[in-house]
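Okay, so here's the structure we're looking at.
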DNA sequence: TGTTAGCACTCACAAGGGTAGAGTGCTAAT
DNA sequence: ATTAGCACTCTACCCTTGTGAGTGCTAACA
């Protein structure tokens, strides 16, 4: 059966109305509200066809229609029109990013908050992974007789600290020398190139401070390990309670439970990396393969830095979500974040 | 009316039962379950007295009794017996603290998680404030031509980083010299002693790098400001949904809403500082003065470091919470945290 | 042939009524 | 002082009924 223009119009009306009200949409509602010059009876016939095509369905006999996952898919792929964010929203998103330019983790946290504030959906976001990025600076600073501070900076100006405990005090000048040696060896290399060869080299060069190498390596390693762990920030989970589809406490609890499991989130966010065209990945309802989330849609986008994907943002809401808004918010925010990351790493390329 | 031993026993039975079941407790239930050698009729009479005293009440005529806030108060002040944590719980709590010894924010985050995991209640925790603590190390490190990394360490080995953007590159040796000058001036002082006099002194000493002072001061200031902001970590909010008293989505939403407001949390946590005896502050029901939380009890404890209160932990649950468990978990955790903080600051006192 | 009016039918939801069960308060007996 | 017994109350649950929204079908219409 061909999908006539009129059918499309009706489908669109059903989806719009359902997104707005969360109530099954009846033929009369459409006839009255959208005034498309045909009677409710005709709409009824068309709706019956749409149902045969699997685009809408009735939650129970003789009730209004609800878009099916397939219906939303069609809407998202073909019908949805881009929504432009208005100036104030744009500015809000931009200010959030630029106010936290110096601290990646705050930046991520605030970004998540901002997005969930704007969209009223739940937002998850993964921090850029510094693994495989190039080390720029490794410094040792004296803290006190028993501790030395290790400061690691990557090419992109991500800073990590680690306190190393030492048995005997190391004079400041020596620390300076040691820092120099370490820097010579590691600078310009990625943290995962730390092999036994490098370690031997380090031990040799450090001479009398050779004993210091193990704890140093351990510290670097621990720092790297903690950086390798994908950090995930989440915000706006409680918004879920506002949607009538989750007014059943049990359902809400199930979703919260699922969102609590980090692996699930990482998997979800990971999906967006499959997308080639720097585009978004939209998973509608059952498409996300997680039983508990079958009534949710998830839209993810990943942000890059120097051509490599660094992390992703995901927005989770009921299948009845405002796809066009979410898409534009995500696009805007990815652009903002990429700009910031770029400006961070550009600092050291300009003269 | 005097509070006979028998009345106390009955009150205790009611509270225990209600904490466990969340159902109003009837006289027959007590007669059967707690077998105290008297009939339900006698218990009924006693319960009637307890009600007159305001310790229990009926949610509706001819239903079982529920402890009133006053009843819980009596229980908490006089009747409650200390519960000892078992070995595994103790170890769990300890391991959480010692595994995150080097990163205060992870430590707080994980502590909150651990407590809410153990108790099933919501946990909030405020990070130690570094304001007013003594600066130990201030260093500038070269990052690249346009940025300098500011590293600030306090007496207690809390580390903060800040990237300063500079218009012209500053040679490494100069940075070293500048670091030395700054250190001379600020080392041993608290961050809030940074007055105009100190700034002038700095400007004079820095000579040709005088122009650098404003951005430096700004960076130090920003770092201090961000440290002054009381960081609050929260965990286990979704546990709230598990309690039958909040099975009404609206109620749950109200509480979430309230918990979202940071000021509220800070105020709540602040209360514990009023307590003199290093003890806990228990606020039962309406005692916390927050309308939305009238059905919640909040137990807070604050942890000290070198005699000063640094932060607090709070546990939020229904008034029908397991007070004795919460009290012992809190006591244990405060001790653990204080130990860690002590070991951090001890490092520089031992030779 | 597509469109519409009309009608019978279905279903969810709310309101009303009846019942069972848990619990109380009171009284009289022990 | 304690207890057994009884009348009473209130909630929770179930069942019934009525209403409104919405459908599908048929027959009439342009």
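Residue numbers (my numbering), protein chains in the order written: chain E, 31 to 381; chain Z, 31 to 381. Idealized CB from N, CA, C, for every residue including glycine.
Asked                                                                                                                           : Found
Residue 166 (chain Z): contacting residues in chain E (beta-carbon distance under 8 Å)                                          : 173, 174
8 Å contact criterion, which residue 47 (chain Z) and residue 314 (chain Z) should meet: CB distance rounded                    : About 18 Å; that fails the 8 Å criterion.
Euclidean distance between Cα positions of residue 224 (chain Z) and residue 214 (chain Z)                                      : 13 Å
DSSP three-state assignment for residue 176 (chain Z), whether helix, strand or coil                                            : coil
C-alpha distance - residue 347 (chain Z) paired with residue 270 (chain Z), whole-angstrom precision                            : 7 Å
Contact list for the segment 181-215 of chain Z against chain E, Cβ threshold 7 Å                                               : 181, 183, 187, 189, 191, 192, 193
Segment contact, 8 Å Cβ cut-off, at least three pairs: the segment 336-350 of chain Z with the segment 149-157 of chain Z       : yes
Alpha-carbon spacing of residue 148 (chain Z) relative to residue 337 (chain Z), whole angstroms                                : 28 Å
Backbone secondary structure at residue 167 (chain Z) - three-state DSSP                                                        : strand
Proximal chain E residues relative to residue 350 (chain Z), where beta-carbon distance stays under 9 Å                         : None at all; the shortest Cβ gap to chain E is about 18 Å.
Interface flag, residue 346 (chain E) vs chain Z, CB-CB below 8 Å                                                               : no
Min CB distance residue 122 (chain E) to chain Z below 8 Å                                                                      : no
Neighbour flag for residue 75 (chain Z) against chain E, beta carbons, 8 Å                                                      : no
Candidates Z:167, Z:287, Z:241, of which the one nearest residue 196 (chain Z) by Cα                                            : Z:241
Whole runs of the beta strand (DSSP E) within the segment 292-316 of chain Z, excluding any shorter than 3 residues             : 310-313
Where the segment 53-70 of chain E meets chain Z: residues whose CB sits under 9 Å from a CB there                              : none
Anticipated Cβ contact below 8 Å, residue 31 (chain Z) with residue 107 (chain Z), distance rounded                             : Wrong, their Cβ atoms sit about 18 Å apart, outside the cutoff.
Runs of alpha helix (DSSP H) wholly within the segment 109-168 of chain Z (minimum 4 residues, chain order)                     : 117-129, 134-149
Which residues DSSP lists as bridging residue 329 (chain E), in chain order                                                     : E:312, E:345
Delimiting residues of the beta strand (DSSP E) encompassing residue 262 (chain E)                                              : 262-265
Identity of the residue in E:208, E:104, E:265 nearest residue 237 (chain E) by Cα                                              : E:208
Residue closest to residue 186 (chain Z), alpha-carbon to alpha-carbon, out of Z:109, Z:132, Z:57, Z:318                        : Z:132
DSSP beta-bridge partners of residue 59 (chain Z)                                                                               : None; residue 59 (chain Z) has no bridge partner.
Any 3 or more C-beta pairs closer than 8 Å across the segment 320-327 of chain Z and the segment 285-301 of chain Z             : yes
Spatial neighbours of residue 40 (chain E) in its chain, beta-carbon cut-off 8 Å, leaving aside the 5 residues before and after : 60, 66, 73, 76, 77, 80
Any chain E beta carbon closer than 8 Å to residue 286 (chain Z)                                                                : yes
Buried or exposed (CB count within 10 angstroms, at least 16 for buried), residue 167 (chain Z)                                 : buried
Proximity winner among E:311, E:263, E:115, E:293, relative to residue 141 (chain E) (alpha-carbon distances)                   : E:263
Nearest-angstrom beta carbon gap, residue 354 (chain Z) and residue 112 (chain Z) [assumed within contact, 8 Å]                 : 6 Å
Cβ neighbours of residue 165 (chain E) in the same chain (closer than 8 Å, five flanking residues each side left out)           : 182, 183, 184, 185, 216, 217, 218, 219, 220, 221
Chain-ordered neighbours of residue 268 (chain E) on chain Z, where CB pairs are closer than 9 Å                                : 267, 268, 282, 283, 286, 287, 289, 290
Same chain, Cβ closer than 8 Å to residue 211 (chain E), five either side skipped, listed in chain order                        : 232, 235, 236
Min CB distance residue 277 (chain E) to chain Z below 8 Å                                                                      : yes
Contacting residues, own chain, Cβ-Cβ under 8 Å from residue 303 (chain E) (five flanking each side not counted)                : 332, 339, 342
Secondary structure, alpha helix (DSSP H): runs of 4+ residues fully inside the segment 173-261 of chain E                      : 202-216, 226-236, 242-258
Contact residues within the segment 127-139 of chain E, judged by C-beta distance below 7 Å to chain Z                          : 132
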